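Only one structure is covered here, and it is reproduced in the block below.
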Amino acid sequence: MAPDYNFGTISAHWVHEYAKQHDAEVVGEDILALTVTDYAPTIQKIQAAKPDFVVALPVGASQTGFLEQFAAAGLKDSIGVVSTNYGSGNQQVVVSPEAGKGLIADQGYFMVVDNPANAEFVKLWTAKYGDKEPIISGAVDTWNAVHLWAEAVKKAGTTDAAPVIAALESGLTFDAPNGTVKLEPGSHHLRQNIYIVEGDDQHSFKVLETIADVAPVFENEKCDLVANPDLVEHFDPASN
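Residue numbering for the sequence shown follows my numbering, beginning at 39 and increasing consecutively.
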């Protein structure tokens, strides 16, 4: 299930594509307005279809509402939930332990990532901002961007834009909280780790798998920003 705007509808297209690539079957789909708060009709469809798991992509309060109602319907023991955006805004803090436990998510950073760079980053962050809320991936994205720019300035020996851009395009790496990241020459997008996690009953996660050095998603025949840096387009599997 997904929200009825570009993120949701395009993501749904790609779910179908990846299912086909991996010999899986999509047995149902719901694209819902952001104003929906009662997920009983969707949950009834899920109960009837009996899938192995649900790809749940609602956002904000809609995500919390669906997860709580899904858990309340007693489906979690037999049907898994996978989400590519759960935790990006600390949703795991506001859902109940019953709704969050066992949910599978993935992103480029979670606060529970275990490495020395992240331990130092968390120490600095909590000293400045406290520890009442987990650190989200967007904070690490900003941290990495600033540090990569600083590395480029050091390499260029100046803050002038052209030499700094040339340094950025040289393939800089940085020992980041989410693991080593590399700025891809020509596109300014990152190669980085992707973490697959499982929600626990303490409003947090445990890392199940680390997929190292993942290339930017655009590096394919549909969206090559290196060859076509002026592309401004949404891509789905049917795009030419």
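Ideal Cβ positions, reconstructed from N, Cα and C, are used throughout, including at glycine. None of these values were measured; they are calculated from a predicted model.
Limits of the beta strand (DSSP E) - the one that residue i falls within
i: Q145; result: I142 to Q145
i: A214; result: T211 to A214
i: F91; result: F91 to V93
Limits of the unbroken alpha helix (DSSP H) element including residue i
i: K192; result: S175 to A194
i: Y167; result: P154 to Y167
i: L19; result: Examination of residue 19 is not possible in this model, given that the chain is present from 39 through 278 alone.
i: S49; result: N44 to Q59
i: S121; result: Per DSSP, S121 belongs to no alpha helix (DSSP H); it is in the beta strand (DSSP E), G118 to S121.
i: T218; result: No alpha helix (DSSP H) contains T218, which is instead part of the beta strand (DSSP E) from G217 to L221.
i: F108; result: G98 to A110
i: A253; result: First-last for A253: undefined, no H or E at that position.
i: V131; result: Q129 to V132
i: A137; result: P135 to G138
Whether residue i touches residue j by CB criterion (8 Å)
i: A205; j: A188; result: no
i: L228; j: E236; result: no
i: A214; j: A155; result: yes
i: V160; j: I142; result: no
i: P254; j: E55; result: no
i: C261; j: F273; result: yes
i: I234; j: D152; result: no
i: V53; j: V93; result: yes
i: S332; j: G146; result: No answer is possible for residue 332: it lies beyond the span of the chain, which begins at 39 and ends at 278.
i: L113; j: I69; result: no
Residue burial classification, residue i (beta-carbon count within 10 angstroms, cutoff 16)
i: L186; result: buried
i: Q129; result: buried
i: V178; result: buried
i: A40; result: buried
i: F91; result: exposed
i: I81; result: buried
i: T102; result: buried
i: I173; result: buried
i: A50; result: buried
i: L105; result: buried
i: G195; result: exposed
i: G125; result: buried
i: V270; result: exposed
i: V219; result: buried
i: Q230; result: buried
i: G217; result: buried
i: V65; result: exposed
Beta bridge counterpart(s) of residue i as assigned by DSSP
i: Y233; result: Q145 and T248
i: L206; result: Note: L206 sits in no beta bridge, so no partner.
i: L228; result: L221
i: P41; result: L70
i: F243; result: G237
* Asked: How about the region 193–213 and the region 164–175: do they share at least three Cβ pairs that are nearer than 8 Å?
  -> Counting Cβ pairs under 8 Å, fewer than three are found: no touch.
* Would you be able to state if there are at least three C-beta pairs under 8 Å between the region 92–102 and the region 41–50? => yes
* Touch test, the region 102–115 against the region 126–140, Cβ-Cβ under 8 Å, three pairs minimum -> yes
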